Amino acid sequence: MGIIVAKFGGTSLSCAEQFCKVRDIILSDTNRRYVIPSAPGKRYSDDTKITDLLYLCHERAGLSLAFDDIFDVITGRYMDIVHGLNLDLDLEAELNNIKTRIREGASADYTASRGEYLNGLILARLLGYDFLDAADIIFFDDRGIFDSEGTNEAISRRLWDHERAVIPGFYGSMPDGEIKTFPRGGSDITGAIIARGVKADVYENWTDVSGFMMADPKIVKNPKPIRKITYRELRELAYMGAGVLHEDSIFPVKKAGIPVHIKNTNAPLEPGTIIVNEAEPVCCTGGITGVAGKKGFTVIAVEKTLMHDELGFGRRLLSIIEANGISFEHMPSGIDTISLVIADSQLDGKLEKVLDEIKDRLKPDSVEVYSNMALIATVGRGMARTPGIAAKLFTALGKEGINVRMIDQGSSEINIIVGIENEDMEEAVRAIYKAFVDEQ
Ligand code: ASP
């Protein structure tokens, strides 16, 4: 028998109806032995997440203000779930205890973590699984840094006694027993940690979308889903802002070589996206994995005759950038030119000073600044070994009259990055998608 660790996000557990879907999913495969719930999320777009309500209670308590009205809303949501599921579970004592502790000055982390804790109690009862408090197996050191090895050891030891268990996401404990949470969205991290600890065959991450799309649906109409993606490809697309899992959240499973399967609680039969370490190339058949764009970059292009003979030129250029606290994204170069591609947010208010220093210290022939640039990443494993990919990409952009200002493949074998005008970004993504997906 294999082991599946299944994490369910807030919208998957927002009300009794969603809990029923989750129960059906879990019980449909006996390998789904360890389940990680988030706190109840939004039921509709302007609803409020339980976690946000809990933070609000903490904030009010900190100002010595009453928070009963907010706490009543929280209580009401849990009661609706318990009654809607016809569960024989009395949460009153738990809720009273939590309220008292918040009033008496409990920490923000403790307060926020109760959303997952209570949802864990409900889900465990609904499934007939054991409840295991994350505070007993997920550890942080006394500086609040996650203790990966201590946790892994505790999970392997403790979960041995539990054939099936629900473990609340988002938090663990410090050596003094205080509750500590991961960053927001941290139940993804808990799921990955548990998956690593029990040596799961797969880590399922159940959410409200059927995995990742090949392009942003706000730009391309009905983009195709990505069935399979490698961690490296995901990193490239995530860097460009594609809405994907936070990198921290998959690090433990990536390290252990455990695949992550993103699935939709509301459409469980859809295949979703599977994230793996290695996979067969997509580009050998002329395809790509995805395309993403990001606006808001500036290029500083420095030119100097015989630059390539001048020892230390690149180092001195970069030291100016570094001394101004600026990090750069790309550095395409020619024989006598170096360009730095920098996010506008990094340059904010510093551009003139940086240009003066470059002119003063490097004595270049020219320094040009191109603002309003966007970057487009076309990602696909096997790209570097497939002839014709770049030709197809640039033909697609050329056909739409999009002027390419910069090209960078760097040493990455799975990504071609082009720099274009901000205003061409959407058109460029559509053109590339059309060439590699629609006309494929
Ligand atoms: N409930 C927490 C949050 O809203 C953690 C999570 O959902 O993963 O950020």
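For the sequence shown, this note's numbering gives the first residue as 22, with consecutive numbering after it. Backbone N, C-alpha and C define an ideal beta-carbon position, used for all residues, glycine too. Please read all numbers here as calculations on a predicted model, not as lab measurements.
Could you give the residue range of the beta strand (DSSP E) that holds His-183? For the purposes of this step, residue 183 is taken as the residue at position 162 of the sequence shown. Run containing His-183: none; DSSP gives neither H nor E here.
Relative to the C-alpha of Gly-206, which candidate in Thr-228, Met-195, Ala-221 has its C-alpha closest? As a working note, residue 206 is residue 185 in the sequence shown. Ranking Thr-228, Met-195, Ala-221 by CA distance to the CA of Gly-206 puts Thr-228 first.
Can you have a look at Pro-238 and say buried or exposed, based on whether 16 or more other CB atoms are within 10 angstroms of its CB? In the sequence shown, residue 238 corresponds to position 217, counting from 1. Pro-238 is exposed by the Cβ-count criterion.
Any chance the CB of Gly-206 is under 6 Å from a heavy atom of ligand 1? By one-based count along the sequence shown, residue 206 stands at place 185. Yes, since a heavy atom of ligand 1 falls inside the 6 Å radius drawn around the Cβ of Gly-206.
Skipping 5 residues on each side, what residues in its chain have a beta carbon closer than 7 Å to that of Arg-124? Taking the sequence shown and counting its residues from 1, the one referred to as residue 124 is at position 103. Same-chain partners within the cutoff: Ala-82.
Between the beta-carbon of Glu-161 and the beta-carbon of Phe-167, is there less than 7 Å? Along the sequence shown, one-based indexing puts residue 161 at 140. Along the sequence shown, one-based indexing puts residue 167 at 146. Before going further, note that residue 161 is Phe rather than Glu in the sequence given. Between Phe-161 and Phe-167, the gap from beta carbon to beta carbon is short of 7 Å.
Residue burial classification, Asp-209 (beta-carbon count within 10 angstroms, cutoff 16): Counting from 1 along the sequence shown, the entry for residue 209 is found at position 188. The C-beta of Asp-209 has 16 or more other C-beta atoms within 10 Å across all chains shown, which makes the residue buried.
Leaving out five residues before and five after Lys-42 in sequence, what residues of the same chain have Cβ atoms less than 6 Å from its Cβ? Here residue 42 corresponds to residue number 21 of the sequence shown, with the count starting at 1. Spatial neighbours of Lys-42 in its own chain (CB-CB distance under 6 Å, excluding positions within 5 residues in sequence) are listed in chain order as Thr-286.
If we require 4 or more residues per run, which alpha helix (DSSP H) segments fall completely within the segment 197–225? Those alpha helix (DSSP H) runs which fall completely within the segment 197–225 and span 4+ residues are 208–218.
Cα-Cα separation between Thr-251 and Asp-377, rounded to whole angstroms: For this step, residue 251 is matched to residue 230 along the sequence shown. For this step, residue 377 is matched to residue 356 along the sequence shown. In a straight line, the C-alpha of Thr-251 is about 43 Å away from that of Asp-377.
Check: Gly-31 C-beta below 6 Å from any heavy atom of ligand 1: Numbered from its first residue, the sequence shown carries residue 31 at position 10. In this structure, the C-beta of Gly-31 approaches ligand 1 to less than 6 Å from one of its heavy atoms.
Look at Ala-37 and Gly-105 and say whether their C-beta atoms are less than 7 Å apart. For the purposes of this step, residue 37 is taken as the residue at position 16 of the sequence shown. For the purposes of this step, residue 105 is taken as the residue at position 84 of the sequence shown. In contact: Ala-37 and Gly-105 (Cβ atoms closer than 7 Å).
Is the Cβ-Cβ distance between Cys-304 and Thr-202 less than 7 Å? Within the sequence shown, residue 304 is the residue found at index 283, counting from 1. Within the sequence shown, residue 202 is the residue found at index 181, counting from 1. No, these two residues do not count as a Cβ contact at 7 Å.
Proximity winner among Met-235, Ala-259, Ile-240, Leu-258, relative to Arg-248 (alpha-carbon distances): On the sequence shown, residue 248 is found 227 positions in, with the first residue counted as 1. Ranking Met-235, Ala-259, Ile-240, Leu-258 by Cα distance to Arg-248 puts Met-235 first.
Determine whether the beta carbon atoms of Val-362 and Glu-350 lie at a separation below 7 Å. Taking the first residue of the sequence shown as position 1, residue 362 is located at position 341. Taking the first residue of the sequence shown as position 1, residue 350 is located at position 329. Taking 7 Å as the cut-off, the beta carbon of Val-362 is found closer than this to the beta carbon of Glu-350.
Am I right that Asn-140 and Leu-34 are in contact with their C-beta atoms under 8 Å? What's the rounded C-beta distance? Numbered from 1 along the sequence shown, position 119 holds the residue referred to as residue 140. Numbered from 1 along the sequence shown, position 13 holds the residue referred to as residue 34. With a Cβ gap of about 6 Å, Asn-140 and Leu-34 count as contacting.
Boundaries of the beta strand (DSSP E) in which Glu-324 is found, first to last residue: Taking the sequence shown and counting its residues from 1, the one referred to as residue 324 is at position 303. Counting along the chain, the unbroken beta strand (DSSP E) around Glu-324 starts and ends at 311–324.
Measure the Cβ-Cβ separation of Met-261 and Lys-220 and say whether it is below 7 Å. Start at 1 with the first residue of the sequence shown, and residue 261 comes out as number 240. Start at 1 with the first residue of the sequence shown, and residue 220 comes out as number 199. Against a cut-off of 7 Å, the Cβ pair of Lys-220 and Met-261 comes out as no contact.
Rounded C-alpha distance that separates Leu-368 from Ser-270: Counting from 1 along the sequence shown, the entry for residue 368 is found at position 347. Counting from 1 along the sequence shown, the entry for residue 270 is found at position 249. Cα to Cα, the separation comes out at about 29 Å.
Simplified DSSP assignment, three categories, for Tyr-192: Position 171 of the sequence shown, counting from 1, holds the residue named residue 192. Strand at Tyr-192.
Is the segment 163–181 touching the segment 78–98, taking contact as three or more C-beta pairs under 8 Å? With the cut-off at 8 Å, the segment 163–181 and the segment 78–98 do not touch.
Go through its chain and collect everything with a Cβ distance to Thr-326's Cβ below 7 Å, but skip five positions before and after it. Residue numbering aside, residue 326 sits at position 305 when the sequence shown is read from its first letter. Hits under 7 Å: Asp-357, Asp-386.
Return the bridge partner residues of Tyr-55 from the DSSP annotation. Numbered from its first residue, the sequence shown carries residue 55 at position 34. BP columns for Tyr-55 point to Val-26, Ala-186.
Assuming Val-187 contacts Ala-145 (C-beta within less than 8 Å), just tell me the rounded distance between them. Here residue 187 corresponds to residue number 166 of the sequence shown, with the count starting at 1. Here residue 145 corresponds to residue number 124 of the sequence shown, with the count starting at 1. Yes, they are in contact, since the Cβ atoms of Val-187 and Ala-145 sit about 4 Å apart, within 8 Å.
Going straight from the alpha carbon of Glu-137 to that of Met-195, what length do you get? In the sequence shown, the residue the question calls residue 137 occupies position 116. In the sequence shown, the residue the question calls residue 195 occupies position 174. So the alpha carbons of these two residues sit roughly 18 Å apart.
Short Cβ contact (7 Å threshold) for Leu-75 with Thr-132: In the sequence shown, counting from the first residue as 1, residue 75 sits at position 54. In the sequence shown, counting from the first residue as 1, residue 132 sits at position 111. Yes. Within cutoff.
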